[in-house]
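All remarks here apply to the structure that follows.
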Amino acid sequence: MMLKTIPDELFIWVSKALLGEIYPAIRAIAVGFNNEENLLTLRYYLDREPTEEDYESLDIVIANILAHTSSNNDIRGVNDEVVFSTKPFRDLDSLSGFIYIRREY
839 MMLKTIPDEL
849 FIWVSKALLG
859 EIYPAIRAIA
869 VGFNNEENLL
879 TLRYYLDREP
889 TEEDYESLDI
899 VIANILAHTS
909 SNNDIRGVND
919 EVVFSTKPFR
929 DLDSLSGFIY
939 IRREY
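As structure tokens, this is what we get:
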């Protein structure tokens, strides 16, 4: 899978979709985009084990992203991932890039 920097419009759609959906347990959010298959990957990195509510939050974000698309060709598929990790940010897979990173001391 060839990951590439996400298109500008997708960056905007994801940013808007995250409004009101970032909560304290989220350490980072990575976004991946495969431009050959138009496949989007969203990954939450949490500071605890995932719960059903975490997946529901991610589903809401995905629905809001897809609401911005003009056709099924913009995004043909979405992978949603919720991961518990205490690794330093530099050791996390950022996919195409982080769209959110929590400030940690």
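For what it's worth, the numbering used here labels the leading residue of the sequence shown as 839, then goes sequentially. Even for Gly, the Cβ is constructed at its ideal location relative to N, Cα and C.
Secondary structure note for Glu-919: its beta strand (DSSP E) is the uninterrupted segment 915–922. Taking a 10 Å sphere around the C-beta of Gly-915, we find fewer than 16 other C-beta atoms and assign the residue as exposed. Residue burial annotation: Tyr-943 is exposed, with fewer than 16 other C-beta atoms found within 10 angstroms of its C-beta. Put simply, of Arg-941, Lys-925, Thr-907 and Phe-927 the residue whose alpha carbon is nearest the alpha carbon of Leu-878 is Thr-907. Distance between Asp-897 and Thr-889, taken at the CA atoms: about 13 Å. Membership of Ile-900 in the alpha helix (DSSP H) is indicated by the continuous run 890–906. Around the beta carbon of Tyr-883, 16 or more other beta carbons sit within 10 angstroms, so the residue counts as buried.
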